[in-house]
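For the sequence shown, the positions run 38 to 389 when this note's numbering is used.
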Amino acid sequence: MEITELKLTGVSFGPLEKPFWNSIKKTTTSGGGRLEIHTDEGLVGMAPTGAGGVKRAHILGSMSKQLVGEDPLRIGYLWDKMYMGGARKPVAKGEYINSMSAVDIALWDLKGKALDQPVWKLAGGVQERVEAYAAGGYYEEGKTVEDLCTELTSYVEAGFRAVKMKIGWPGVTLRHDAERVQSVREAIGPDIELMIDANNAWDGRTALRFARMMESSDPYWFEEPVRADDFRGGAMLVEKLDIPVASGENEFTRWGARDLIDAKAADIIQLDPNTCGGISEWLKIAAFASAHHLKMAPHGNPNIGSTCVAAVDNGLITENYPTAFKNKLMLPVDFRSDGFIYMSDAPGLSIE
Ligand SMILES: [Mg+2]
Numbered sequence: 038m039e040i041t042e043l044k045l046t047g048v049s050f051g052p053l054e055k056p057f058w059n060s061i062k063k064t065t066t067s068g069g070g071r072l073e074i075h076t077d078e079g080l081v082g083m084a085p086t087g088a089g090g091v092k093r094a095h096i097l098g099s100m101s102k103q104l105v106g107e108d109p110l111r112i113g114y115l116w117d118k119m120y121m122g123g124a125r126k127p128v129a130k131g132e133y134i135n136s137m138s139a140v141d142i143a144l145w146d147l148k149g150k151a152l153d154q155p156v157w158k159l160a161g162g163v164q165e166r167v168e169a170y171a172a173g174g175y176y177e178e179g180k181t182v183e184d185l186c187t188e189l190t191s192y193v194e195a196g197f198r199a200v201k202m203k204i205g206w207p208g209v210t211l212r213h214d215a216e217r218v219q220s221v222r223e224a225i226g227p228d229i230e231l232m233i234d235a236n237n238a239w240d241g242r243t244a245l246r247f248a249r250m251m252e253s254s255d256p257y258w259f260e261e262p263v264r265a266d267d268f269r270g271g272a273m274l275v276e277k278l279d280i281p282v283a284s285g286e287n288e289f290t291r292w293g294a295r296d297l298i299d300a301k302a303a304d305i306i307q308l309d310p311n312t313c314g315g316i317s318e319w320l321k322i323a324a325f326a327s328a329h330h331l332k333m334a335p336h337g338n339p340n341i342g343s344t345c346v347a348a349v350d351n352g353l354i355t356e357n358y359p360t361a362f363k364n365k366l367m368l369p370v371d372f373r374s375d376g377f378i379y380m381s382d383a384p385g386l387s388i389e
């Protein structure tokens, strides 16, 4: 089998009725895209991906040149070829790796279809169902603490046993954010896990002050309390807090993950297969984390995330977006009212 063509299709749904934001970024539009890898045997591998700008240039430019004519089942060889090739040098992080991730994911989808097996099984097949948490609790214009509690309670009513909310926006005080967390804890009760996500808002000391204010709310994890490259701050928090620190969604490749883990800057590892180098790279990172007795909780798209979590021995939980960032392009995962995503036996990644 030979790769014949890479195709990218972008889709825009235009401006959001209700923009929302986390501590650093406001989301005002929605959209997405699809990468297709075509072969001479008629099989097509697919991946969800952004389809504009630099990514478009990388995928349709140097990556297409490197892939067309090659055997799509040799994913490791093609990964190395892309990593060492093109105009990448000396960029080992960022948009080039991000673009490679989409290609790698589409290659895995293709391999699953060629072998008539689901990718989660080909990659290890450890769990037939994976726990999912609802990621929400964003800031919005006019959104009250009561609205926030209503939102997160609705996820619990839908079956989620774990929910996540945002903190750290400079428009509110630490004290107010701590009160938001406490109000949500009271609303959802003591038995639902509550994650809090600062999206790189703070330096280590500020994050520590905040953690002290809200530790009585019993958070399940404290996500990206400090800048993505502040391993020193992350390590200080890991050392001082009883709350697990989660991080890694802004890190790339096994080498970036190695540095994060070696620095002891996180307890829960969140590299995103859609950006860190694809499913191939994510599996290597999961193996390195497993050797350190650390669990994986990938950021991002639940369709790809659940495949990764299901594949490995240290897959903890999958991110899912019931409202914000809800994917309008793909068929949803099989999330059930017991809080788990059930893995499909369909070949490939089951993305349609
Ligand atoms: Mg996050």
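Note that beta-carbon positions come from the ideal geometry of N, C-alpha and C, so glycine has one too.
> What's the gap between the Cα of S374 and the Cα of F197?
Replying inline: 7 Å
> Where DSSP assigns a beta bridge to A172, which residues make up the other side?
Replying inline: K201
>> Please tell me whether, using a cut-off of 8 Å, the distance from the CB of E288 to the nearest non-hydrogen atom of ligand 1 is below it.
In response: no
> Is there at least one non-hydrogen atom of ligand 2 closer than 8 Å to the beta-carbon of D234?
Replying inline: Among the ligands modelled here, namely ligand 1, ligand 2 does not occur.
> Under a three-way DSSP split, which group does N357 fall into?
Replying inline: strand
>> Rounded to the nearest angstrom, what separates S253 and G315 at their Cα positions?
In response: 37 Å
> In its own chain, which residues sit with a C-beta less than 7 Å from the C-beta of R295, not counting the 5 before and 5 after it?
Replying inline: F325
> When every heavy atom of ligand 1 is checked, does at least one fall within less than 8 Å of the C-beta of E230?
Replying inline: no
> Mind checking whether the beta-carbon of Q307 lies closer than 8 Å to any heavy atom of ligand 1?
Replying inline: yes
>> For E42 and D371, what's the separation of their Cα atoms in angstroms?
In response: 31 Å
> What span of residues does the beta strand (DSSP E) with D234 cover, start to end?
Replying inline: E230 to D234
> Can you tell me whether DSSP reads T46 as helix, strand or coil?
Replying inline: strand
> According to DSSP, which residues form a beta bridge with T76?
Replying inline: I40
>> Assuming contact is defined by CB atoms lying nearer than 9 Å, are P335 and T360 in contact in what I supplied?
In response: no
> What does DSSP give as the partner residues of Y392 in its beta bridges?
Replying inline: No information on residue 392 is available, as it lies outside the stretch 38 to 389 that the chain covers here.
>> Please list the terminal residues of the continuous beta strand (DSSP E) segment that includes V282.
In response: V282 to S284
> Residue range of the beta strand (DSSP E) that M83 falls in?
Replying inline: V81 to P85
> Taking the runs of the beta strand (DSSP E) that are 3 residues or longer, which of them lie wholly in the region 287-346?
Replying inline: none
> How is K180 classed by DSSP in three states: helix, strand or coil?
Replying inline: coil
> Where does S67 fall in DSSP's three states?
Replying inline: strand
> Is the beta carbon of G173 less than 9 Å from the beta carbon of E188?
Replying inline: yes
> Of the choices A224, F362, Y133 and E288, whose alpha-carbon is the least far from that of A171?
Replying inline: F362
> Sorted by chain position, which residues of the same chain lie with C-beta nearer than 6 Å to S49's C-beta, five sequence neighbours on each side aside?
Replying inline: G68
>> So, at 6 Å on beta carbons, what are the nonlocal neighbours of I204 in its own chain, with the 5 sequence-adjacent residues on each side left out?
In response: D214, I233 and A235
> Expressed to the nearest angstrom, what Euclidean distance is found between the alpha-carbon atoms of F259 and G106?
Replying inline: 46 Å
>> Count Cβ pairs between the region 138-148 and the region 73-91 that sit closer than 8 Å; are there 3 or more?
In response: yes
> Distance, Cα to Cα, A303 vs D350?
Replying inline: 19 Å
> Is the closest heavy atom of ligand 1 to the C-beta of E261 under 8 Å?
Replying inline: yes
> Quick one: any contact between the region 58-66 and the region 106-120, if contact means 3 or more CB pairs under 8 Å?
Replying inline: no
> Shortest alpha-carbon distance to Y133 belongs to which of L152, H330, L386 and I96?
Replying inline: I96
> In whole angstroms, what is the alpha-carbon distance linking E39 and M100?
Replying inline: 15 Å
> In whole angstroms, what is the alpha-carbon distance linking W239 and G270?
Replying inline: 9 Å
> Just checking my contact of V163 with G352 at CB under 8 Å: how many whole Å lie between their CB atoms?
Replying inline: 7 Å
> Considering only C-alpha positions, which residue in the set V91, C313, K150 and E288 is nearest to P109?
Replying inline: K150
> Can the beta-carbon of A283 be found closer than 9 Å to that of I305?
Replying inline: yes
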